[in-house]
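Down below is the structure, laid out as structure tokens.
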Amino acid sequence: MALPFLISALSAAAPLLAMGFERWPGLAPCALCLWQRWPYWVAAALALAAGLLPGGWRRWLLRGAALSVLASGGIALLHVGVEQGWWPSPLPACLAPGVGTGTSVDDLLRDLAPRPTKPCDEPAYLIPGLPLSVATMNLIYALLLAGWTFRRAGRDTGGMR
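Numbering (our numbering), first residue to last: 178 to 338.
What follows is the structure, encoded as structure tokens:
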């Protein structure tokens, strides 16, 4: 019965840690960083529901949680590709705000509020000297958590034999 709650906690841990790294050591998130968090929250909710609902639903909810974590991994793969210059970001919010001729101060101020402070093609490194960006670490974590969750969900009988 503890498996869904463990998966929920592990799913919620990723975005909570990311928010912690924003505060200390002050890593600024980009738009893709923020997008990577949403599937973890969905996975945490699905896994929590798996722990609270009857056994027949458990396996399917845990598989849904694994798919949601895998979606975060897909966004992380997209993000790693943007960081490495393999492809451009599909999100207009990933572009660094630019100042061109004819741009007024009002235009600049209007663009400040909703946009993240960092372009998506600028990798953020958490551990100095380790050549893994935060997006790459998220990709690895998402693949491991999704694989482990799929495997455990396949074995889970929900208390019914």
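Positions of the beta carbon are idealized from the N, C-alpha and C atoms, including for glycine. Predicted, not measured: the structure shown is a model, and the values here were computed from it.
Burial is judged here by how many other beta carbons sit within 10 angstroms of a residue's own beta carbon; Gln213 has at least 16 and is buried. Counting the other Cβ atoms within 10 Å of the Cβ of Gly262 gives fewer than 16, which makes it exposed. Under the 8 Å Cβ criterion, the segment 240-249 counts as touching the segment 210-228, having at least three qualifying pairs.
When the alpha-carbon of Arg328 is set against those of Cys210, Gly241, Leu303, the nearest one is in Gly241. Asp298 and His256 have their alpha carbons spaced roughly 8 Å apart.
If you look at Pro231, you'll find it isn't in any alpha helix (DSSP H); DSSP assigns it neither H nor E. The beta carbon of Ala301 is closer than 7 Å to those of Leu204, Ser310, Val311 in its chain, skipping five residues each way along the sequence. In this structure, DSSP gives Ser281 a state outside helix and strand, which the three-state scheme calls coil.
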